[in-house]
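Chains as they are written, first to last, in this note's numbering: chain A, 9 to 751; chain B, 2 to 286; chain C, 181 to 336.
To start, the structure under review is shown below, and the notes come after it.
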Amino acid sequence: MLQIGASLKRADAPQKLSGAAKYIDDYRLPGCLHGATLRTAIAYGRITKIDFAPTFPWDECVVARAADIPGANNVLFIEADQPLLTEDLVMHPMQAILIVGHPDRARAYESLKHIKVEYEEREPVLSIADSLAKKQLLRGEDNVFKRYLIEKGDISQGFAQADRIVEGEYRVPHQEQAYIENHGIASWVEPDGTIVVHGSLQCPYYVHKAMVKVFARPPERVRVINAVTGGAFGGKEDYPSVIAGHAALLALKSGRPVKLIYDRQEDMSATTKRHPAVVRHKTGVSKDGRLLAQDIEVVMDGGAFATCSGVVLSRGTLHATGAYECPNVRVRASVVATNTPPNGAFRGFGVPQTIFAAELQMEKIAAALSLDSLELRRRNAWRVGAVTATGQKLQESVGALKCLELCARRSRYLRKRQLYARWNSRKGNPTWRGIGFALCPHGAGFTGSGEVTLASRAAVVLTKDGAVRILAASTDLGQGAITIFTQIAAQALGLPPGLIEVEVPDTALVPNSGPTVASRTTMVIGGLIERAAGQLKDALAQAGGRAPRTHAALKKAAAALCGGRPELRFEVAYEKPADITWDDSLYRGEAYGVFSYAAVAVDLEVDRLTYEVRVRRVTTAQDIGKAINPTLAKGQIMGGTLQALGYALFERAVFQGGWMRNSQFTNYIIPSFADAPPMEVLLVEEPYSRGPHGAKGLGEMPMDVPAPAVVAAVHDATGFWFNEIPVLPENICGKFREAEKTK
Amino acid sequence: MRGSPGSMTVLRPRSAAEAVILCAKHPGCLPLAGGTDLMVLWNMGELNGRRVLDLSGVAEWRAVRKTAAGLRVGALATHAELRDDAFVRREFPLLAQAAAAVGAAQIQNRGTLGGNIANASPAGDTFPALAVYEAQIRVVSAKGERVIPFSEFFAGVKKTNLAPGELVSEIELPFPPSRPRRQLFRKVGTRAAMAISKTVAAGLLWLSPDHRVRELRFALGSMAPTVRRLRAVEEFARGKRLTAEVAAQACQLMSQDVCPIDDVRSTAEYRLRVSQNLLAAFLLG
Amino acid sequence: MISFTINGRKRAYKGPPFKRLIDVLREDFGLTGTKEGCGEGECGACTVLVDSKPVTSCLVPVCQMEGRRVETVESLGRERRLGPLQSSFLEHGGAQCGFCTPGVLMTASVLPKSAAGDPRAIRRALSGHLCRCTGYQTIVESVAKALRPKPRSRKR
């Protein structure tokens, strides 16, 4: 029975649907303390005094402070620049000062009101512009965390040859991941001194690595366990290490288990967001629409500490040109420090930012040439044999044009442009209508040598009783990792999926298969599991003469194969394909093993009385190599698409004084049932020879394309260009008023 | 979750008479109806240690009744009940539509009209409808009873003209003089559902046989500290034929009765412009 | 003391009267299927039925539950024996991370059969629920299919 390409029902759905699934706050932790975090109220300066009001019964509480940290007072991610707790230098609002624990959760929060903190304030740096102007020096000599330069050919020559030169500047804001389950961690110390962290997190080994440093423990004395996690989208990639450090420190200090569960306001205002960015394009084109020179500048706001900003910038930089071939390219990129809470990973990880700019730039170029933008894309899109800006020649699996054509056809894009032009010219209609298009690439897996550095390992275990377990550190955040791994292993073993279980991602039990990020879970870890399962299958076949196909046969073969041992483990490690070369210092070579591709058409209308935008339909075609489970794949695409519609039309994080003021669902607006359009999802499969069954990356790409398509559609509907998102009714209203004034 | 249950005192009157006595006896107690406003504050830890007057047991205040004069809505009637009531939908449709626009189903099942009014948010979705229907608010206290015209009920943002010890018991809506020629309820929110309004409008229009305005009633919420009837516009429109010119002039007069602001949800410019668009569209049919 | 019915069983609650219904269900009665996402009644994750009406339990003080009938997601079926609505979600991919799911199921469980062919009515009725994973479409499909009348099996 073919498992691949079958929409096997989610393995973890029954427990979720029945309410039996336990997320971290569902666990009873008898005798636990509830932690509450005291946070800074200024953006930049120093703490001069911390006063505990004597009238509050502090003997009811345990307080964990910086001085209690046994190891290093920093949360290691890539750099070690972010303190776990501060009682001195303040680098952003909502920075953690200390943790109070109390057996009663409300009382823990109440206690914070009885601690007075005094500060010596300094003028903060709250914008990219202020950071570049070095209003204060927050980092090094120039406030820059990281820089990249990509060069191909000679842009001055390219511009000299160009018939037209088009410039544009584009801006994208913070975006909040808004998973429905807030951050939460439980922690306790075992009798043997092992620190245990259990919670809502994407990357158990990232947390592990950070805790080893904070608590100065050997690796085997730290254990991190992923609980069923209610959504993450990148927001639980690095921040859990911060909460874990807080919870574990309080557990260590108090000798009691601790629960540190954020409420929505704290989660939204204190934890990581998508990096805001300013992207400038200068493009030289021939009059027949061929790209001749691309000069691109990217600046991102990293917030106060480095976290993963260098990598977000890297990925954004490597996607800055869009899915287009151009002989002369220069991309200069930097990410700068500001006195705001550090920004972090969010689905797309730099690509939504730079693709927003690249795709709108294509629209502008098309308009300047009086060429249809679909045609402009066609003339320049990557095909097999194209050479990217880093000099990578695309050898296989390039579905860009297939996605473009399929999406354009199914959405009736050209026909609708004509229809809507007529609709908009009629005075009596209640709305203006428009349709917009966008295309993107998305590199699958870690960039360049990243996968080599990660050196991921995964294993398949067979017990003597015939149970098959998959061991990997990949977490199921809702995307369906458990189910995909099960399908891949079942296929490789020739066994029904019901006989296969996926182990809980617990660092005491599973090898380090790296983080659940970068759209790598199916392609890279699925690939490892396929190999490991293949090794098990061979071993079973050797032992029994043929591979078992039933549970009974499996039990018999397992007993024989294991001999006296309780279980057999088949563990494999990532192997870099020999022909992938990447020069990290020059930023040249094969940036990614392969790219996935997506095209989208967004069909919307703008209300003539209220300027509200209603998306009527989305059509999207996405090349993911192979849909291991079509239902899960479509689910990812629809969910990511709606998040991107939110990015484009609704989600505005209002920052004042360096922190987010609308930190609640009431005023941070994510799309509701009534805002979500019907979506048609077309799966395109241009197989990748090195992905399991041809699979490439999928999880993030749906986020990359809708926002520029929305802006193009709003232009189609109203005639107004926007270079920034979200495009709110207020912004559209403003454009109409401006236009009236100039008449 | 920062509310501390152990810190709260709860009073649970079983009748209106008991409610007003307890209210008088405990100044500063917090009246609680459906809890959709109060519990949000409580969850934030802002009401710890307070005394709550839980009115949910006062059965006399639940009814939605038809009378000879119009509609009587008990303070504890929920938005869901108003939304679904056949009489309200037929005779006071703007109120039913407004009730259907408050929050979403779960909030409508718990939130009450009396609680909504007493909370006095500038953005109350039912308020423009109550304003154009010229509701009367019956309030009770240990000293007796009085009726406050809806137009005099609010003092400012989250402030009412209730005296200490007074509780809203009923909302009365008189039948409009006749079937209006045109009516409007429209809420413009932060998204298509479960939204707070940026502006919210209710309008009733009666025309004379020669197509002149006999009476116009138009109210806007979220456009001032309290809901506002557009008195200048209504006065101006009386007796006039509704031409494009008249509609444009009416829109200009709107600013005399409203003062929209920039806030986390929207801008003054947008609110004014959209409200003008809605008014103009209403007047021009 | 407050007496009410939870999932068909008579229960007595003896704690502070102002404890929230969500906390009473989760902590006093171990029914952790109901989740808290926002504490403001916006996300709908905490939705339970009170006298067959969906309400956000994070905003309900338990003192108002005297004599009422409360139903949570645990009443719809068990992990190994899902009810028809849950089975439809399983079939059509209506749940991803699962955190909004219990609340959605409760509101969906009281939708009229007439909504089966009306996706807009389903969306309107469920609009008090925020989901960040699915894009809503598979939820609407799961609910629509569950509301559809089941074909009767013919017997000879």
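Using N, Cα and C, we set each Cβ at its ideal position, and we do this for glycine too.
Since we're looking at a predicted model, the values are computed, not measured.
Anticipated Cβ contact below 8 angstroms, residue i with residue j, distance rounded
i	j	result
A:F354	A:G243	6 angstroms
A:V610	A:V718	5 angstroms
A:K545	A:A555	5 angstroms
A:D89	A:H42	With a Cβ gap of about 29 angstroms, A:D89 and A:H42 do not count as contacting.
A:V18	A:T483	First, the amino acid is wrong: residue 18 of chain A is Arg here, not Val. Their Cβ separation, rounded to whole angstroms, is 15 angstroms, which puts A:R18 and A:T483 out of contact at 8 angstroms.
CB contact flag (residue i, residue j, <7 angstroms)
i	j	result
A:L146	A:A345	yes
B:A97	B:R111	no
A:N347	A:Y127	no
A:C40	A:K267	yes
A:A607	A:C741	no
A:G352	A:D246	yes
A:F658	B:R192	yes
B:L211	B:R232	In the sequence on display, residue 211 of chain B carries Asp and not Leu. No.
A:G647	C:G315	yes
C:F198	B:V201	no
A:H110	A:C69	yes
A:V180	A:Q361	yes
B:I108	C:G188	no
A:A500	A:A541	yes
A:V197	A:I188	no
Among the options, the one whose alpha carbon lies nearest that of residue i
i	options	result
A:I588	A:G601, A:V580, A:Y582, A:R596	A:G601
A:S164	A:T530, A:I136, A:T291	A:T291
A:F4	B:G46, B:A106, B:A70, B:E92	Only positions 9 to 751 of chain A appear in the structure, and residue 4 of chain A is not among them; the question remains open.
C:V318	A:P734, A:H723, A:V689, A:D724	The question names Val, but residue 318 of chain C is Thr in the sequence shown. If we check each option's Cα against that of C:T318, A:V689 comes out closest.
A:G297	A:H283, A:T279, A:N388	A:N388
A:H216	A:A256, A:E613, A:P199, A:Q183	A:A256
B:L56	B:W43, B:V265, B:E19, B:N49	B:E19
C:S232	C:G308, C:L327, C:I186, C:T314	C:I186
B:R213	B:G240, B:T268, B:L205, B:P165	B:G240
A:K124	A:L46, A:Q183, A:G535	A:L46
A:A72	A:P65, A:A61, A:A374, A:T94	A:T94
A:S26	C:P299, C:A275, C:I302	C:A275
B:E167	B:P32, B:V65, B:T244	B:P32
A:G356	A:G702, A:A629, A:A240	A:A240
B:A281	B:A269, B:K26, B:L254, B:P261	B:L254
B:V275	B:M224, B:V228, B:Q250	B:M224
Bridge partner(s) assigned by DSSP for residue i
i	result
A:K620	One point to set straight first is that residue 620 of chain A is Glu, not Lys, in the sequence displayed. Bridge partners of A:E620: none, in fact.
A:H206	A:A194, A:I233
B:F155	B:T161
B:W207	B:E216
A:K57	A:E126
A:R155	A:S342
A:F445	A:A609
B:K188	B:V201
C:R200	C:P241
Minimum Cβ-Cβ distance from residue i to chain E less than 7 angstroms
i	result
C:Q317	In the structure shown, chain E cannot be found, because the protein chains are A, B and C.
Query - Contact between the region 131-149 of chain B and the region 172-180 of chain B (3+ Cβ pairs under 8 angstroms) - result: yes
Requested in this report: Report yes or no: do three or more beta-carbon pairs, one from the region 446-459 of chain A and one from the region 554-570 of chain A, lie closer than 8 angstroms?
Outcome: no
Query raised in the report: Hey, is the region 292-301 of chain A in contact with the region 169-177 of chain A, meaning 3+ C-beta pairs nearer than 8 angstroms?
Result: yes
Query raised in the report: Touching or not, the region 321-328 of chain A and the region 609-629 of chain A, by the rule of three or more beta carbon pairs under 8 angstroms?
Result: no
Query raised in the report: Does the count of Cβ pairs from the region 636-643 of chain A and the region 723-743 of chain A closer than 8 angstroms reach three?
Result: no
Requested in this report: Please determine if the region 269-279 of chain A and the region 216-235 of chain A are in contact, where contact requires at least 3 C-beta pairs separated by less than 8 angstroms.
Outcome: no
Query raised in the report: Contact between the region 16-34 of chain A and the region 245-264 of chain C: three or more CB pairs below 8 angstroms?
Result: yes
Query raised in the report: Between the region 441-452 of chain A and the region 353-370 of chain A, do at least 3 Cβ pairs fall closer than 8 angstroms?
Result: yes
Report task. Could you tell me whether the region 574-591 of chain A touches the region 459-478 of chain A, where touching means 3 or more Cβ pairs closer than 8 angstroms? Result -> yes
Query raised in the report: Hey, is the region 201-210 of chain A in contact with the region 307-317 of chain A, meaning 3+ C-beta pairs nearer than 8 angstroms?
Result: no
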